[in-house]
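Some notes on the structure that comes next.
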Amino acid sequence: MSISSLMPVYPRCAFRPVRGEHCHLIGEDGRRYLDFASGIAVNLLGHSHEGLIGAIQQQAATLMHVSNLYGSPQQESVADRLVELTFADTVFFTNSGAEAVECAIKTARAYHQHVGNLDKYELITFKEAFHGRTLGTISASNQEKMHKGFLPILPGFKYVDFGDLEAVKAAIGPNTGGILIEPIQGEGGVKVPTDEFLQALRALCDEHDLMLIFDEVQCGVARTGTFFAYEQFGVVPDILASAKGIGGGFPLGACLATEKAARGMVAGTHGSTYGGNPLGMAAANAVLDAVANEPFLAHVRDMSAKLTGRLEQFIGNYPDMFELVRGRGLMLGLKMKMEPRPFVAHLRDNHQLLCVSAGDKTMRILPPLVIDESHIDEFMDKLSAGAASYSPEEAA
Ligand SMILES: *Cc1c(COP(=O)(O)O)cnc(C)c1O
Numbered sequence: 001m002s003i004s005s006l007m008p009v010y011p012r013c014a015f016r017p018v019r020g021e022h023c024h025l026i027g028e029d030g031r032r033y034l035d036f037a038s039g040i041a042v043n044l045l046g047h048s049h050e051g052l053i054g055a056i057q058q059q060a061a062t063l064m065h066v067s068n069l070y071g072s073p074q075q076e077s078v079a080d081r082l083v084e085l086t087f088a089d090t091v092f093f094t095n096s097g098a099e100a101v102e103c104a105i106k107t108a109r110a111y112h113q114h115v116g117n118l119d120k121y122e123l124i125t126f127k128e129a130f131h132g133r134t135l136g137t138i139s140a141s142n143q144e145k146m147h148k149g150f151l152p153i154l155p156g157f158k159y160v161d162f163g164d165l166e167a168v169k170a171a172i173g174p175n176t177g178g179i180l181i182e183p184i185q186g187e188g189g190v191k192v193p194t195d196e197f198l199q200a201l202r203a204l205c206d207e208h209d210l211m212l213i214f215d216e217v218q219c220g221v222a223r224t225g226t227f228f229a230y231e232q233f234g235v236v237p238d239i240l241a242s243a244k245g246i247g248g249g250f251p252l253g254a255c256l257a258t259e260k261a262a263r264g265m266v267a268g269t270h271g272s273t274y275g276g277n278p279l280g281m282a283a284a285n286a287v288l289d290a291v292a293n294e295p296f297l298a299h300v301r302d303m304s305a306k307l308t309g310r311l312e313q314f315i316g317n318y319p320d321m322f323e324l325v326r327g328r329g330l331m332l333g334l335k336m337k338m339e340p341r342p343f344v345a346h347l348r349d350n351h352q353l354l355c356v357s358a359g360d361k362t363m364r365i366l367p368p369l370v371i372d373e374s375h376i377d378e379f380m381d382k383l384s385a386g387a388a389s390y391s392p393e394e395a396a
């Protein structure tokens, strides 16, 4: 037998983390890495946050899991808080981002089908989007590398260029039921649309009775310096998918919707065995306690301004390597003039710095939101040393 016991779907690197300490990860070999990847925008409180650990420990000892057949004071408390903090009137809890997007897609279809509009099942989505790895969510993206081997994908999605309003207008037809977009495209390369673009999508949705769905799995939960990113664009969605940061490392997602948008999500239409279990809710409450307040959000914006300023200054020293810095809050992208993947590996293997590569030749910088200036100093030292010691020919 030559297959590994772990199904080999990830091209895993040699780094094998076994312990986390605040903004650092420690490998099996005892080496310490600065974690500016955060489990891909998940560990927003870093790796050893006392409030989060304590909440999970206490809940584990009290009640770990019960069925969604029973009343849930734990879910009600988190749902109430999310409703209070956002545009939404109602929340469904999931275990992952893809499941939150699945719920969003089903909510949009059900909005129309609940009143007999069986034709309006199609969603307009955006090229290079990432919405997860289920059949539904890979079908929502045009990325063929995610479709390959898993055909046929599901019908009901039409892809247009990110930011191209005319293409969106042209794509609207009798089958269109909504628009699904990451308000900041994450794995596509940390692409920020204009306020006007998202506002125009809102107007189109209002005009044609379409559901506007924001996938904030990556950009949500304080990551960009507001609780959700949509707040910065002057636009509210009808439905929003959240995950990643919302559990701070505990697997958790949520689909938020207005009362109107959720009209088809009636008893018996959807479900999840684990979704919203008490352990996940304890984690979410601890995360919300830490991040859903103005001083914390101001800290994220402050760290963002400092880190962005340092990065912009730095890339001037390497005009052949780096093109620009983009993003919001602590969801930053360094657009390179070469493929970022080998450089990200170089930073990891030779300078013990963890970042994440993305599309459009962009390196993602996703630190825990609890960094302070000492972490920015350490990051810039490692990045500078990494750029100085890098030769793409060697890496290739
Ligand atoms: C990570 C991600 C997902 C999928 O989340 P999973 O928890 O891996 O299923 C969906 N949408 C966006 C924008 C993401 O970044």
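Per our numbering: the sequence shown = residues 1 to 396. Ideal Cβ positions, reconstructed from N, Cα and C, are used throughout, including at glycine.
Looking only at its chain, what residues have a beta carbon closer than 7 Å to the beta carbon of residue i, apart from the 5 residues adjacent to it on each side?
i    : result
A37  : L354, C355, V356, L366
G225 : L297, V300, R301, S304, R328, G329
A79  : V91
G51  : A286, D289, A290
L75  : Position check: residue 75 holds Gln in this sequence, whereas Leu was assumed. Correct list, in chain order: F93, G276, M281.
G249 : G39, V42, N43
G234 : D195, Q199
R19  : I26
Per DSSP, what kind of secondary structure is residue i in: helix, strand or coil?
i    : result
C103 : helix
I376 : helix
T94  : strand
F250 : strand
A257 : strand
Q218 : coil
I56  : helix
S139 : helix
L347 : helix
M146 : helix
E128 : coil
T86  : coil
I304 : Rather than Ile, the amino acid found at residue 304 in this sequence is Ser. Correct three-state label for S304: helix.
D289 : helix
E76  : helix
R133 : coil
P278 : helix
S272 : coil
H399 : Here the chain covers residues 1 to 396 and nothing more, so residue 399 does not appear.
A267 : coil
Q352 : coil
G51  : helix
R310 : helix
R81  : helix
V168 : helix
G71  : coil
H112 : helix
T224 : coil
H208 : helix
Residues bridged to residue i by DSSP?
i    : result
S357 : M363
E21  : H24
F157 : L123
V325 : L334
L180 : I213
Y318 : Y318 pairs with nothing; no bridge assigned.
C13  : Answer is none; C13 lacks a bridge partner.
R32  : I26
Q232 : Per DSSP, none; premise fails for Q232.
Q185 : K191
A397 : With the chain represented from 1 up to 396, any question about residue 397 goes unanswered, as that position is not in the structure.
I40  : Answer is none; I40 lacks a bridge partner.
S242 : A254
Which same chain residues, not among the five before or five after residue i, have their C-beta less than 6 Å away from its C-beta?
i    : result
H65  : N277
T90  : A257, A262
A55  : A282, A286
M338 : P392
A200 : L165
A311 : Reading off the sequence, residue 311 comes out as Leu, not Ala. Excluding residues within five positions, the ones whose Cβ falls inside 6 Å are V325.
N175 : D119, E122
H112 : K120, G177
Tell me which residues share the same chain as residue i and place their Cβ nearer than 8 Å to its Cβ, disregarding the 5 neighbours each side in the sequence.
i    : result
R133 : A98, M146
L154 : L135, G136, S139
H346 : G386, S389, Y390, A395
I376 : M303, K306, L307, R310
I230 : Looking at the sequence shown, residue 230 is not Ile but Tyr. Excluding sequence neighbours, Y230 sits near F87, P183, L198, F214, E216, V236, P237, L240.
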